[in-house]
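**Q** First to last, the protein sequences are chains F and A. Just so you know, the working numbering puts 178 at position 103 of the first sequence, and the rest follows in order with no gaps. Just so you know, the working numbering puts 399 at position 324 of the second sequence, and the rest follows in order with no gaps. Note that CB positions come from ideal geometry on N, CA and C, so glycine has one too. It should be emphasised that the depicted structure is a prediction, and the values quoted were computed from it without experimental measurement.
2 protein chains.
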Amino acid sequence: PDEGARTAARERQGALIKPAGALGRLEELSVWLAGAQGASPPRPLERVRVVVFAGDHGIARAGVSAYPPEVTAQMVAGILAGSAAVSVLARTLGASVRVVDMAVDADTPPEVSAHKVRRGSGRIDVEDALTRGEAEAAFRAGMQVADEEVDAGADLLVPGDMGIGNTTPAAVLTGVLTANDAATVMGRGTGIDDRTWMVKCAAVRDAMRRTRAVLGDPVQVLATGGGADIAAMAGFLVQAAARRTPVLLDGVVSGAAALVGQRVSYRAVDWWQAGHLSTEPAHRKALDRLSLVPLVDQGLRLGEGTGALLALPLLRAAQATLAEMATFEEAGVSGPAAG
Amino acid sequence: PDEGARTAARERQGALIKPAGALGRLEELSVWLAGAQGASPPRPLERVRVVVFAGDHGIARAGVSAYPPEVTAQMVAGILAGSAAVSVLARTLGASVRVVDMAVDADTPPEVSAHKVRRGSGRIDVEDALTRGEAEAAFRAGMQVADEEVDAGADLLVPGDMGIGNTTPAAVLTGVLTANDAATVMGRGTGIDDRTWMVKCAAVRDAMRRTRAVLGDPVQVLATGGGADIAAMAGFLVQAAARRTPVLLDGVVSGAAALVGQRVSYRAVDWWQAGHLSTEPAHRKALDRLSLVPLVDQGLRLGEGTGALLALPLLRAAQATLAEMATFEEAGVSGPAAG
Numbered sequence: 076p077d078e079g080a081r082t083a084a085r086e087r088q089g090a091l092i093k094p095a096g097a098l099g100r101l102e103e104l105s106v107w108l109a110g111a112q113g114a115s116p117p118r119p120l121e122r123v124r125v126v127v128f129a130g131d132h133g134i135a136r137a138g139v140s141a142y143p144p145e146v147t148a149q150m151v152a153g154i155l156a157g158s159a160a161v162s163v164l165a166r167t168l169g170a171s172v173r174v175v176d177m178a179v180d181a182d183t184p185p186e187v188s189a190h191k192v193r194r195g196s197g198r199i200d201v202e203d204a205l206t207r208g209e210a211e212a213a214f215r216a217g218m219q220v221a222d223e224e225v226d227a228g229a230d231l232l233v234p235g236d237m238g239i240g241n242t243t244p245a246a247v248l249t250g251v252l253t254a255n256d257a258a259t260v261m262g263r264g265t266g267i268d269d270r271t272w273m274v275k276c277a278a279v280r281d282a283m284r285r286t287r288a289v290l291g292d293p294v295q296v297l298a299t300g301g302g303a304d305i306a307a308m309a310g311f312l313v314q315a316a317a318r319r320t321p322v323l324l325d326g327v328v329s330g331a332a333a334l335v336g337q338r339v340s341y342r343a344v345d346w347w348q349a350g351h352l353s354t355e356p357a358h359r360k361a362l363d364r365l366s367l368v369p370l371v372d373q374g375l376r377l378g379e380g381t382g383a384l385l386a387l388p389l390l391r392a393a394q395a396t397l398a399e400m401a402t403f404e405e406a407g408v409s410g411p412a413a414g
Numbered sequence: 076p077d078e079g080a081r082t083a084a085r086e087r088q089g090a091l092i093k094p095a096g097a098l099g100r101l102e103e104l105s106v107w108l109a110g111a112q113g114a115s116p117p118r119p120l121e122r123v124r125v126v127v128f129a130g131d132h133g134i135a136r137a138g139v140s141a142y143p144p145e146v147t148a149q150m151v152a153g154i155l156a157g158s159a160a161v162s163v164l165a166r167t168l169g170a171s172v173r174v175v176d177m178a179v180d181a182d183t184p185p186e187v188s189a190h191k192v193r194r195g196s197g198r199i200d201v202e203d204a205l206t207r208g209e210a211e212a213a214f215r216a217g218m219q220v221a222d223e224e225v226d227a228g229a230d231l232l233v234p235g236d237m238g239i240g241n242t243t244p245a246a247v248l249t250g251v252l253t254a255n256d257a258a259t260v261m262g263r264g265t266g267i268d269d270r271t272w273m274v275k276c277a278a279v280r281d282a283m284r285r286t287r288a289v290l291g292d293p294v295q296v297l298a299t300g301g302g303a304d305i306a307a308m309a310g311f312l313v314q315a316a317a318r319r320t321p322v323l324l325d326g327v328v329s330g331a332a333a334l335v336g337q338r339v340s341y342r343a344v345d346w347w348q349a350g351h352l353s354t355e356p357a358h359r360k361a362l363d364r365l366s367l368v369p370l371v372d373q374g375l376r377l378g379e380g381t382g383a384l385l386a387l388p389l390l391r392a393a394q395a396t397l398a399e400m401a402t403f404e405e406a407g408v409s410g411p412a413a414g
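(1) Measuring CB atoms only, is the region 175-189 of chain F touching the region 389-401 of chain F, in the sense that at least three cross pairs come out at less than 8 Å?
(2) Does DSSP put ALA349 (chain F) in a helix, a strand or coil?
(3) I need the DSSP call for HIS190 (chain A), collapsed to helix, strand or coil.
(4) Out of A:GLY157, A:MET261 and A:GLN219, point me to the one whose CA is closest to ARG280 (chain A)'s CA.
(5) Taking Cβ-Cβ distances shorter than 9 Å, what residues in chain F pair up with ARG136 (chain A)?
(6) Thinking just about the alpha-carbon of each residue, which of F:GLN337, F:GLY374 and F:HIS132 is nearest to the one in ARG364 (chain F)?
(7) Distance check for THR320 (chain A) and ALA393 (chain A), CA to CA, integer angstroms please.
(8) Take the Cβ of THR183 (chain A) as the centre, count every other Cβ of all protein chains shown within 10 Å, and call the residue buried at 16 or more, exposed below.
(9) Could you confirm whether any beta carbon from chain F is found closer than 8 Å to the beta carbon of GLY400 (chain A)?
(10) Does chain F have any CB closer than 8 Å to the CB of GLY374 (chain A)?
(11) Just to confirm the assignment, what range does the alpha helix (DSSP H) spanning ALA357 (chain F) have?
(12) To the nearest angstrom, how far is the alpha carbon of ASN255 (chain F) from that of THR249 (chain F)?
(13) MET400 (chain F) by DSSP, collapsed to three states: which one?
(14) Can you give me the C-alpha to C-alpha distance between GLY414 (chain F) and LYS275 (chain A), rounded to a whole angstrom?
(15) VAL322 (chain A) bridges to which residues according to DSSP?
(16) Any contact of the region 160-169 of chain F with the region 185-199 of chain F, i.e. 3+ C-beta pairs under 8 Å?
(17) Between the beta-carbon of ASP131 (chain A) and the beta-carbon of PRO144 (chain A), is there less than 8 Å?
(18) Closest to GLY382 (chain F) by C-alpha separation, out of F:ALA111, F:ALA221, F:ASP203 and F:VAL127, would be which residue?
(19) Assuming LEU323 (chain F) and ALA386 (chain F) form a contact by the criterion Cβ under 8 Å, report the distance between their Cβ atoms to the nearest whole angstrom.
(20) By how many angstroms is the C-alpha of ALA152 (chain F) removed from the C-alpha of ALA181 (chain F)?
(21) Just tell me which of F:PHE403, F:GLY410 and F:PRO411 has its CA closest to the CA of ALA159 (chain A).
(22) DSSP puts LEU91 (chain F) in a beta bridge; with which residues?
(23) Go ahead and label ARG391 (chain F) buried or exposed: buried means 16 or more other beta carbons lie within 10 angstroms of its beta carbon, across all protein chains shown.
(24) Thinking C-alpha only, which one of F:ASP77, F:ALA227, F:SER340 and F:GLN88 is nearest LEU101 (chain F)?
(25) Which partner residues of VAL172 (chain A) appear in the DSSP bridge assignment?
(26) With contact counted as at least three CB pairs below 8 Å, one residue from each stretch, are the region 217-230 of chain A and the region 304-320 of chain A in contact?
(27) Kindly list the residues whose CB is nearer than 7 Å to the CB of LEU120 (chain F), restricted to its own chain and excluding five residues on each side of it in sequence; keep chain order.
(28) Threshold first: 4 residues or longer. Then list the alpha helix (DSSP H) segments lying entirely within the region 257-323 of chain A, N to C.
(29) Is the Cβ of THR286 (chain A) closer than 8 Å to any Cβ of chain F?
(30) Against chain F, with Cβ distances strictly below 8 Å, would GLN149 (chain A) count as a contact?
(31) Can you look up SER130 (chain A) in the DSSP assignment and give me helix, strand or coil?
(32) In the DSSP assignment, what are the bridge partners of MET237 (chain F)?
(33) Just the Cα atoms here: how many angstroms apart are GLY300 (chain F) and GLY235 (chain F)?
(34) Cβ of GLY330 (chain A) within 8 Å of Cβ of ALA298 (chain A)?
(35) Taking the straight line between their C-alpha atoms, what separation do you get for GLY110 (chain F) and GLN348 (chain F)?
(36) Since I believe ALA204 (chain A) is in contact with PRO244 (chain A) (beta carbons under 8 Å), could you give me their beta-carbon distance rounded to a whole number of angstroms?
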């Protein structure tokens, strides 16, 4: 981020016709956006792009989800048809959606499956999610997708996820990377019952044990305890930062990908804001480790990028107030009385 | 609110292609909006109107604010010019703004001052803010403004405030109506120093003593410890409910007006949501008494309707997801596995 633009933004905030600090966190956001864009006041966000990384997870066959695995491909179709939650929210809040199939266990349209590395990631409680080569390919694919989007003019990127069972690898990665145990990072995902919770807990514990052994190597962490969708998302987040493009993170899956991304590139976090706080326990742990404070807390636990999109209007509000409000001098408004 | 529409909305939420409850508070909001509109799914919000009730307060001359009183009229001009925070946020987030001068201590344009009852409300620590006749006129003016807006097609109303010193009567009314003492409801308004805080605290305490004596009579409460702007806002909120039009409340001034409105019409609260939580301590006390949970908490303390506007996209998101997402059946998506 550009320190000069940040300083200029902070000064302009202090001159706007409002009490100092009265716009609360919007002021801080406007400074962050100015720094990311290298411009004060920051420019309006005109091409906000959600990229939904889709993939199936072998662990879903172990019975960790309330939904059958075929729902992943059905929901990819739903997103493409514009009838999923992320599609509706993107339309309503001014963004567009792209789906990238990294490992869906079904055929998807060619424009979606160009980066696919396999059908379904491995069952992480007993085997690696990916070979090392697949993990590297997926990570690079995510980087390439970020490049494509930035080259096409994206000025804000939002990572989304779609994959039955994907909160299990997210919990595994978060547990391992934040040094929390399985029970601390476990959540109910799409809404599982107590019996399924016990199955999921055992799976997370076993997968965490396998993943902890490779902790020093971020790509191997993705190969062992992650999946192709999360690996791609990690590459996407790292490359967005490298391309100086701001990011609104979504929920627990993007939080896990961000933790891996942080291991790859420590300063990448400067380019990310936490869009929302999910009800999944691992998400709070991940954000704490990333030192990010979520913008919105509406009790969502849907993924797809939906939580991040709810924060988009706040970012737009921050941009607009800094760019469009008058200063005391411009408006001829009296400042505070001398103390 | 329409119980049939609420039930239909709740049922449709359960059928949408997402885990039950995964949209968190958006689901509850969508049901509230359906009930308010008497329609499931609810209709898009197409004419959202912010009405800023402006007025000066004699108490400002006692030195309770960081800003001189002439700022009220200057900021009215700023709002009309489109350069104030509320103007920018309304443009950015899809709303329009009307200013109603109830008691600005200066001349304002005729289209703004049609309902004005006086120049400056009285100094409430030593005298009534308004005569009873003025309080009644102001309350009725607020009702008339709500009628005008609803008749013009408003489908969501947002009360805004503009007036140097107005957090003092807001604290007084909130303290008296929630049975809290002056120090508990006192805040720093636009950002006062310690010496000004002590002056304001004494003023709030004295005004609360005067107002507590008339507690059983809501209109007299407005006359004794309020002001023409807050009286009009109270009438506006009550009439919005009577006209079955949903409202997003803003900060501490609208919270105080809402407390008075609740005394006038207990069920009016069903038509209101709390847009945001202000940093002013009285605001939390008011929302607790109204049993409202704020949608957004970004540390704002600006008034004008700005905090409420930040919550508007959440309401739009709630409407759109319920209205536009596909159901499991429509999309051919498999539901949860049988337990």
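**A** For this structure:
(1) no
(2) strand
(3) coil
(4) A:MET261
(5) Within chain F, no residue comes near ARG136 (chain A); the closest Cβ sits about 12 Å away, beyond 9 Å.
(6) F:GLN337
(7) 17 Å
(8) buried
(9) The sequence shown places Met at residue 400 (chain A), not Gly. Closer than 8 Å: yes.
(10) yes
(11) 356-365
(12) 8 Å
(13) coil
(14) The predicted model places GLY414 (chain F) with a pLDDT of 43, which falls under 50 and marks its position as unreliable; any figure quoted below should be read in that light. Spanning the two alpha carbons is a distance of roughly 15 Å.
(15) A:LEU232 and A:TRP347
(16) no
(17) yes
(18) F:VAL127
(19) 6 Å
(20) 11 Å
(21) F:PHE403
(22) F:THR402
(23) buried
(24) F:GLN88
(25) A:VAL125
(26) yes
(27) ASP230, LEU231, LEU390, ARG391 and GLN394
(28) 257-260, 269-287, 293-300 and 303-317
(29) no
(30) yes
(31) A small fix is needed here, since residue 130 (chain A) is Gly in this sequence, not Ser. Strand.
(32) F:ALA129
(33) 19 Å
(34) no
(35) 13 Å
(36) 7 Å
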